[in-house]
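Down below is the structure, laid out as structure tokens.
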């Protein structure tokens, strides 16, 4: 049986620090504020928003809902983002994506000022992840993976890390973060030959394949740390990861559960970014 | 004996296309122009500049030398870059680095407009490489590696590629370009354990270790393609790569020589970017 790398204690440790920081900011009359910008009423988005709002409340971060009709024009949406850029009471923005097809998503994302890009959607934030510098903020999911490694004292230096997935929201940034932490990193994807053999080489395996349970026993060996980024619904309607948990559990050393693993930490990372953005804004004011 | 992946025919093929494009641009009264901005008189920089100027001339690209004293102030240098941004007769800029220590290099690099960033020094260009989109231009050396693979019909899809080095000018962008071309990519660096074993797994090995001849026979196996990015001077005063050529040659399938390999293609890539920048500027004018 593998050790379970649960998200809850990671979240608790992050929250404790965040509540202290929020208290310090409030003493300076600054209330960290996150704007949720949602176009349309996709149920998944609404559910995530409700969950995140509760978490904000718990930590003392103010949340602002900006709900827009799905036929909003690109210009109106850009104007909305410019207003958020100019509004000194808002420190970060989360934009639900994908946007409707009539809107040029990249243009809208890059209209956001990097200082408020707490979800890592601008080119500046991407450059920051690639360069290994603090420009904007990294995407929350790969950073949540790093928070989990940190909390459980798993040191990437000198380890072989394998990342399944080359997306801009998980795979590529996770690889860059692991290189920054001195791991030897391999990136696999749909065109990789004999992926199970590549993955068995990993000391740390980050799975962002995007398909329920497709990473089975042939991917694992004794001693591995497995971080399952996937969030899927199985045929019985239950949440599950990209890893076949029942097959991994008897083989690997440690694994994140789904639900209750990476996903829950991701929201804390988002709020952490908002608090950092508020601190930076306070520093700029002097 | 390995096949020699010489740079000369790659350069010849690139130049032929570039000369055609330059001719077409001149018919529209556009003369592609590259500004070389050099602070101080480092002999290596002057030598590179002289070589690149000759190559520009051969292709019909105008070169402008901007030579500045090494005690130039940061503000003066920034002003110079703003002038280049505003000058519609200049299409690309190469800035020799490192800059003197009293200058904040990243600030100066990012003052350049991405449209003229033909050497990939801005955050925008870095974001482009990371995202896999045309924003600015990628750094010339890793792109020269890709041009060599292309010219010699070496298809990265499904291959195992290993990159030695995690710098922003070679290692990281080379890795991103190989992922974009569907290779399974591993990035090694000074903290990698048993690097020779990792490298023996490679079908394509890109070496940017930064030390003369340190990649020896234990890194190789039959059938490999080796791209040697290193340019060093050995104890006899001769140019040599990071690969111990004499040890690689009898083992691997193909290898780039040093000199006469990646380095010579890099200058052609630089000029290619200037021509592309001039074409883009022409398109914007309509």
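Chains as they are written, first to last, in the numbering used here: chain A, 1 to 286; chain B, 1001 to 1286. Yeah, the Cβ is synthetic: ideal placement off N, Cα and C, and Gly gets one too.
Whose CA, out of the options, lies closest to the CA of residue i?
i, options, result
"residue 1012 of chain B", "B:1170, B:1042 and B:1148", "B:1148"
"residue 230 of chain A", "A:203, A:90, A:264 and A:111", "A:264"
"residue 1141 of chain B", "B:1245, B:1188, B:1184 and B:1207", "B:1207"
"residue 1034 of chain B", "B:1282, B:1120, B:1160 and B:1278", "B:1278"
"residue 1210 of chain B", "B:1198, B:1166, B:1195 and B:1197", "B:1166"
"residue 1064 of chain B", "B:1040, B:1092, B:1044 and B:1047", "B:1092"
"residue 241 of chain A", "A:175, A:20 and A:261", "A:261"
"residue 1170 of chain B", "B:1200, B:1217, B:1119 and B:1212", "B:1119"
"residue 95 of chain A", "A:36, A:52, A:124 and A:42", "A:36"
"residue 284 of chain A", "A:88, A:7 and A:67", "A:88"
"residue 202 of chain A", "A:106, A:190, A:191 and A:218", "A:218"
"residue 221 of chain A", "A:213, A:199 and A:212", "A:199"
"residue 42 of chain A", "A:98, A:51 and A:255", "A:98"
"residue 1111 of chain B", "B:1212, B:1173 and B:1075", "B:1075"
"residue 1057 of chain B", "B:1024, B:1067 and B:1015", "B:1015"
"residue 280 of chain A", "A:90, A:131 and A:106", "A:90"
"residue 132 of chain A", "A:212, A:174 and A:213", "A:174"
Measure the Cβ-Cβ separation of residue i and residue j and say whether it is below 9 angstroms.
i, j, result
"residue 60 of chain A", "residue 17 of chain A", "no"
"residue 62 of chain A", "residue 267 of chain A", "no"
"residue 253 of chain A", "residue 3 of chain A", "yes"
"residue 185 of chain A", "residue 162 of chain A", "yes"
"residue 1100 of chain B", "residue 1081 of chain B", "no"
"residue 1005 of chain B", "residue 1257 of chain B", "yes"
"residue 1177 of chain B", "residue 1224 of chain B", "no"
"residue 232 of chain A", "residue 168 of chain A", "no"
"residue 215 of chain A", "residue 194 of chain A", "no"
"residue 69 of chain A", "residue 39 of chain A", "yes"
"residue 9 of chain A", "residue 151 of chain A", "yes"
"residue 1246 of chain B", "residue 1028 of chain B", "no"
"residue 1243 of chain B", "residue 1269 of chain B", "no"
"residue 22 of chain A", "residue 32 of chain A", "yes"
"residue 164 of chain A", "residue 145 of chain A", "no"
"residue 1 of chain A", "residue 250 of chain A", "yes"
"residue 172 of chain A", "residue 204 of chain A", "no"
"residue 287 of chain A", "residue 1085 of chain B", "Residue coverage of chain A in this structure runs from 1 to 286, which leaves residue 287 of chain A outside it and unanswerable."
Residues of chain A with a CB under 7 angstroms from the CB of residue i: which are they?
i, result
"residue 1158 of chain B", "191 and 193"
"residue 1135 of chain B", "123"
"residue 1182 of chain B", "191"
Just to make sure I have the definition right: I need the residues of chain B whose C-beta is within less than 7 angstroms of the C-beta of residue i. Which are they?
i, result
"residue 140 of chain A", "Correct list: empty, because the minimum Cβ distance to chain B is about 17 angstroms."
"residue 301 of chain A", "Since the first residue of chain A shown is 1 and the last is 286, residue 301 of chain A is not available in this structure."
Output, in chain order, the set of chain B residues within a Cβ distance shorter than 8 angstroms of residue i.
i, result
"residue 179 of chain A", "1166, 1172, 1187 and 1189"
Just to make sure I have the definition right: I need the residues of chain A whose C-beta is within less than 9 angstroms of the C-beta of residue i. Which are they?
i, result
"residue 1124 of chain B", "123, 124 and 127"
List, in order along the chain, the chain A residues whose C-beta lies closer than 8 angstroms to that of residue i?
i, result
"residue 1084 of chain B", "The contacting residues do not exist; residue 1084 of chain B stays about 21 angstroms from chain A at best."
"residue 1131 of chain B", "123, 126 and 168"
Is there a C-beta anywhere in chain C that falls below 9 angstroms from the one on residue i?
i, result
"residue 176 of chain A", "Checking the listed chains, one finds no chain C in this structure; the protein chains it contains are A and B."
Worksheet entry | Contact the region 102-120 of chain A vs the region 134-145 of chain A: 3+ CB pairs below 8 angstroms | yes
Discussion item. Measuring CB atoms only, is the region 267-277 of chain A touching the region 1224-1239 of chain B, in the sense that at least three cross pairs come out at less than 8 angstroms?
Written reply: no
Fill in: Members of the region 1196-1221 of chain B that neighbour chain A once the beta carbon cut-off is set at 8 angstroms
1198
Discussion item. Tell me which residues of the region 1222-1254 of chain B have at least one Cβ-Cβ distance to chain A shorter than 9 angstroms, keeping chain order.
Written reply: none
Fill in: At least 3 beta-carbon pairs within less than 8 angstroms: the region 1145-1159 of chain B vs the region 1172-1186 of chain B
yes
Worksheet item: What are the residues of the region 1102-1119 of chain B that lie near chain A, defined by any Cβ-Cβ distance shorter than 9 angstroms?
Response: 1106
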